[in-house]
Amino acid sequence: MQLGFNGATTMTSPYETDVRIASKAGYDALEITATKLDKYLESHSIADARKLLDAARVRAHAINSIEKINLRDANGRAQVIARTKQLCESARALACPWIVVVPGPAPDGTAWKNIRDDTVDSLRAMSEIAVSFKANLAFEFLGFPWCSVRTVAQGWEIVQTVSRANVGFVIDTCHYYSGDSTLDSIRAVDARKLAIFHINDVEAMPKEKIEDANRLFPGDGVIPLKEIIDAVRGIGFDGVASIEIFRPEYWARDPLSVAREAKEKAMRVLAL
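The opening residue of the sequence shown carries number 17 in the working numbering; numbering runs sequentially from there.
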């Protein structure tokens with residue numbers, strides 16, 4: 017696998033810093049945080065953003081993310097479509113192949129069929145926009161109790177139902193663990209559709225209480241990473257494993273030291 021750095025791991029650092037540290041720490045790819053790119057573009061052009069990547073010899077693999085893409089009213093759906101167009105334009109300019117998209121919450125009692133069908137409709141509408149930019153969407157389930165799509169099996173069912181060449185899938189170890197996904201569900205995924213493998217760990221705590229802030233460096237927590245990695249490798253995936261850790265304690269540290277420690281620990285668990 018190749019190793020990617022996700023800007024959420026250094027959330028309080030700007031886009032420029034993420035490009036610099038990804039280069040200095042020797043990552044294969046960068047997963048750009050969309051809000052950081054927004055901030056950068058307030059005073060720079062997208063051409064400037066591309067120049068930074070090229071000068072640092074950093075490859076953009078994804079922009080992360082478009083949030084709450086499903087179960088929206090007409091105004092919310094219009095916002096999702098507008099954001100899709102905006103980030104597709106940026107992705108094309110940055111030679112970035114993927115845009116990560118994530119589901120939102122569902123009203124209590126919403127049937128799975130309604131969640132699935134609405135999410136499929138949203139992804140198909142977004143896909144039609146993305147294809148005109150030669151961009152690809154990577155759908156990521158979220159294992160947290162409030163989310164409408166919580167498991168590998170549910171997320172993969174949606175991606176299969178969408179059945180679009182430019183709609184892929186994301187597996188995140190934190191979401192796999194917190195949502196009680198199974199190894200067999202990973203084994204059912206077509207590796208050709210797996211855009212990104214997010215790798216991280218979490219503190220020892222009840223799964224239903226896990227939040228993003230409880231993430232840790234790979235190998236520092238309780239997720240059975242070896243089993244998950246073996247299953248992901250077992251389907252033939254050899255793409256980007258991207259380190260995504262939303263931990264405020266890490267944000268307060270020197271970002272380059274965080275990037276280096278994250279790489280060292282990820283390489284150890286991935287046996288790279």
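The beta-carbon is built from N, C-alpha and C at its ideal position, and this holds for glycine as well. Here the structure is a predicted model, which means the values were calculated and not measured.
On the three-state DSSP scale, how would you describe Val136?
-> helix
Pair every Cβ in the stretch 246-266 with every Cβ in the stretch 195-210, then say whether three or more of these pairs are closer than 8 angstroms.
-> yes
Where do the ends of the alpha helix (DSSP H) carrying Glu173 lie?
-> Its alpha helix (DSSP H) spans residues Val168 to Val178.
Measure from the alpha carbon of Ser179 to the alpha carbon of each residue in Arg88, Leu139 and His214, then state which is nearest.
-> Leu139
Is Leu286 closer than 9 angstroms to Gly255 when the C-beta atoms are compared?
-> no
If you pair each beta-carbon of the stretch 144-157 with each one of the stretch 60-74, do three or more pairs fall below 8 angstroms?
-> no
Apart from the five residues just before and just after Ser106, which ones in its own chain have a Cβ nearer than 7 angstroms to its Cβ?
-> Close CB contacts of Ser106 within its chain, under the 7 angstroms cut and outside five residues either way in sequence, are with Leu53, Ile62 and Ile79 (chain order).
Best match in Ile131, Ala169, Phe160 and Leu87 for proximity to Ala229 [C-alpha to C-alpha] | Here the closest residue by C-alpha is Phe160.
Neighbourhood of Arg284 by C-beta, 7 angstroms cutoff - its chain only, sequence neighbours within 5 removed = Taking Arg284 as the centre and dropping the five residues before and after it, the same chain places the C-beta of Gly235 closer than 7 angstroms to its C-beta, in chain order.
Leu158 classed as buried or exposed, judged by whether at least 16 other C-beta atoms fall within 10 angstroms | buried
Who are the near neighbours of Leu232 in its chain, counting only those whose CB is closer than 8 angstroms to its CB and skipping five residues on each side?
-> Asn216, Asp217, Val218, Glu219, Ile261 and Arg263
Fully enclosed by the stretch 209-261, which beta strand (DSSP E) runs are 3 residues long or longer?
-> 210-215 and 256-259
Between Gln47 and Leu103, what straight-line distance do the alpha-carbon atoms span, to the nearest angstrom?
-> The sequence shown places Glu at residue 47, not Gln. In a straight line, the C-alpha of Glu47 is about 13 angstroms away from that of Leu103.
Under the three-state reduction of DSSP, which class applies to Asp64: helix, strand or coil?
-> Of the three classes helix, strand and coil, the one that applies to Asp64 here is helix, per DSSP.
Just how far apart, CA to CA, sit Thr25 and Ala45?
-> 14 angstroms
Note the first and the last residue of the continuous alpha helix (DSSP H) segment covering Glu277.
-> Pro271 to Leu286
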